[in-house]
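Input: a single structure, listed below in structure tokens.
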Amino acid sequence: MPTAHRYFLHARSPLHAGTGQGTGVIDLPIAREKATGIPYLPSSSVKGTLRDSDFVTGDKELIFGPPTDRADEHAGAAQFADARLLLLPVRSLRGTFAWLTSPYILNRFAREIRDTGGTPPPAVAVAEGQVCLVTSAQAAIVYQSQQVVIEDLDMQASASDDIQQWATWIGTHAFPNDKPYQSMLMERLCVVNDNLFSFVLTTATEITARIQLDSATKTVKEGALWYEEALPVETLLAGVLLVDPPRKHASRAQEVLTGLQGASTKTLQFGGKATVGRGLCRVQINGGK
275 MPTAHRYFLH
285 ARSPLHAGTG
295 QGTGVIDLPI
305 AREKATGIPY
315 LPSSSVKGTL
325 RDSDFVTGDK
335 ELIFGPPTDR
345 ADEHAGAAQF
355 ADARLLLLPV
365 RSLRGTFAWL
375 TSPYILNRFA
385 REIRDTGGTP
395 PPAVAVAEGQ
405 VCLVTSAQAA
415 IVYQSQQVVI
425 EDLDMQASAS
435 DDIQQWATWI
445 GTHAFPNDKP
455 YQSMLMERLC
465 VVNDNLFSFV
475 LTTATEITAR
485 IQLDSATKTV
495 KEGALWYEEA
505 LPVETLLAGV
515 LLVDPPRKHA
525 SRAQEVLTGL
535 QGASTKTLQF
545 GGKATVGRGL
555 CRVQINGGK
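Each residue of the sequence shown is one higher than the last, beginning at 275 in the numbering used here.
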């Protein structure tokens with residue numbers, strides 16, 4: 275019987291999951307969901323990185339499937355969903371940065387928690403306008419006990435027990451055995467309404483200007499200036515992993531999961547621009563139903 279599990283990716287360097295050449299101001303944009311505009315890392319990138327990793331142990335043909343020339347023998351036992359944005363780090367006037375999310379993001383993630391055998395914290399709702407929910411009035415990002423200022427947005431802060439439960443749940447599962455990061459999440463989690471979050475998604479990603487030098491003159495080649503988009507350091511993404519071995523290997527499901535969990539707490543490279551340090555992410559795999 276298939277079992278569903280959760281996995282998290284925590285960005286340790288800017289993450290560029292590209293879509294190829296862009297048509298706007300940004301030459302190399304990141305991948306976004308068509309309907310919502312929410313950034314994600316394609317499942318093919320997640321699977322490919324784990325398949326090439328030495329941290330994943332066991333029978334890799336069983337886990338990921340045989341090579342292309344024998345692909346008709348059986349499918350891989352590990353089936354990955356896209357890693358979708360859960361928490362976006364944004365600049366904060368106080369506390370350096372805040373981890374921003376929205377009710378839609380949390381409610382969608384709650385569905386995945388239930389699908390993987392967990393019990394999610396309560397559903398969240400945020401009023402329209404520049405209002406945000408935080409864990410407490412003393413959170414690290416709260417300014418003068420009532421305001422949160424992120425990017426250039428001045429918002430009214432409101433402490434919420436539901437947000438505190440979400441901070442505890444995410445910290446426990448995304449950062450197990452990492453008390454400093456669990457504490458940071460408790461101090462910096464901030465939930466805004468969906469419309470405001472959509473606006474931030476278009477303004478708070480990292481944009482880098484890149485050039486190419488002429489090897490002889492050490493000056494910029496003509497036309498060799500472009501702009502790349504990336505998710506910033508400290509971004510947290512989450513996805514669902516289904517373990518479903520072929521029928522003849524049905525008894526080896528635990529072996530597949532154990533092999534994949536060898537990558538947990540390890541830092542691997544995902545997405546593009548690996549040679550300039552992009553995409554270093556810490557992996558965590560847990561949950562199960």
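We put the CB at the ideal spot given by N, CA and C, even for glycine.
Supposed close pair residue i, residue j - CB separation, criterion 8 Å
{"i": "Leu407", "j": "Ser434", "result": "4 Å"}
{"i": "Pro520", "j": "Pro288", "result": "Contact flag wrong, Cβ pair sits at about 38 Å."}
{"i": "Asp436", "j": "Pro395", "result": "6 Å"}
{"i": "Gly513", "j": "Thr331", "result": "About 21 Å; that fails the 8 Å criterion."}
{"i": "Ala372", "j": "Val364", "result": "6 Å"}
{"i": "Gly292", "j": "Leu283", "result": "The pair is not a contact, with the Cβ atoms about 16 Å apart (cut-off 8 Å)."}
{"i": "Thr545", "j": "Ser319", "result": "In the sequence on display, residue 545 carries Gly and not Thr. 6 Å between Cβ atoms; contact."}
{"i": "Ala414", "j": "Arg462", "result": "6 Å"}
{"i": "Ile300", "j": "Ile485", "result": "With 8 Å as the limit, Ile300 and Ile485 do not qualify as a contact, their Cβ atoms being about 15 Å apart."}
{"i": "Cys464", "j": "Leu374", "result": "5 Å"}
Which listed residue (the options) has its alpha carbon closest to that of residue i
{"i": "Ala483", "options": "Leu499, Thr549, Thr541", "result": "Leu499"}
{"i": "Cys555", "options": "Gly513, Thr509, Thr532", "result": "Thr509"}
{"i": "Val550", "options": "Val299, Gln528, Glu502", "result": "Glu502"}
{"i": "His279", "options": "Thr342, Gly392, Tyr314, Arg344", "result": "Gly392"}
{"i": "Leu361", "options": "Gly545, Val405, Met460", "result": "Met460"}
{"i": "Ile337", "options": "Thr491, Asn560, Gly533", "result": "Gly533"}
{"i": "Ser366", "options": "Val422, Glu529, Val494", "result": "Val422"}
{"i": "Phe329", "options": "Ala285, Thr539, Gly445, Glu386", "result": "Thr539"}
{"i": "Asn469", "options": "Val416, Glu402, Ser457, Ala414", "result": "Glu402"}
{"i": "Arg382", "options": "Trp373, Phe371, Ala397", "result": "Ala397"}
{"i": "Thr541", "options": "Leu324, Gln412, Ala524, Met275", "result": "Leu324"}
{"i": "Asp389", "options": "Asp333, Val400, Thr277, Gly369", "result": "Thr277"}
{"i": "Gln528", "options": "Leu511, Gly561, Val557, Arg552", "result": "Gly561"}
{"i": "Met410", "options": "Ser432, Leu531, Ala349", "result": "As written in the sequence, residue 410 is Ser, which differs from the Met given in the question. Among Ser432, Leu531, Ala349, the Cα nearest to that of Ser410 belongs to Ser432."}
{"i": "Ile387", "options": "Arg552, Arg526, Leu487, Trp440", "result": "Trp440"}
{"i": "Phe449", "options": "Val557, Val416, His290", "result": "Val557"}
{"i": "Phe471", "options": "Lys547, Ser525, Ser317, Ile379", "result": "Ile379"}
{"i": "Asn467", "options": "Lys492, Val405, Leu531", "result": "Val405"}
{"i": "Tyr417", "options": "Arg552, Asp333, Gly369", "result": "Gly369"}
{"i": "Ala384", "options": "Arg344, Arg526, Trp443", "result": "Trp443"}
{"i": "Gly445", "options": "Leu511, Gly553, Val400, Ala345", "result": "Leu511"}
Which of helix, strand or coil DSSP assigns to residue i
{"i": "Gly292", "result": "strand"}
{"i": "Ala512", "result": "strand"}
{"i": "Thr310", "result": "coil"}
{"i": "Val299", "result": "coil"}
{"i": "Thr390", "result": "coil"}
{"i": "Thr541", "result": "strand"}
{"i": "Val530", "result": "helix"}
{"i": "Thr493", "result": "coil"}
{"i": "Arg484", "result": "strand"}
{"i": "Ala305", "result": "coil"}
{"i": "Val320", "result": "helix"}
{"i": "Arg556", "result": "strand"}
{"i": "Arg521", "result": "helix"}
- Task: Kindly provide the ranges of any beta strand (DSSP E) runs that are 3 or more residues long and lie completely inside the segment 397-482, ordered along the chain.
- Result: 405-408, 421-424, 427-433, 463-466
- Message: To test your reading of the DSSP string, which unbroken beta strand (DSSP E) runs of 3 or more residues are found completely within the segment 322-385?
- Response: 352-354, 357-365, 371-375
- Message: Taking 8 Å as the cut-off, does the segment 343-359 touch the segment 301-317 (at least 3 CB pairs, one atom from each stretch)?
- Response: yes
- Message: Pairs of beta-carbons, one from the segment 309-326 and one from the segment 462-477, closer than 8 Å: are there three or more?
- Response: yes
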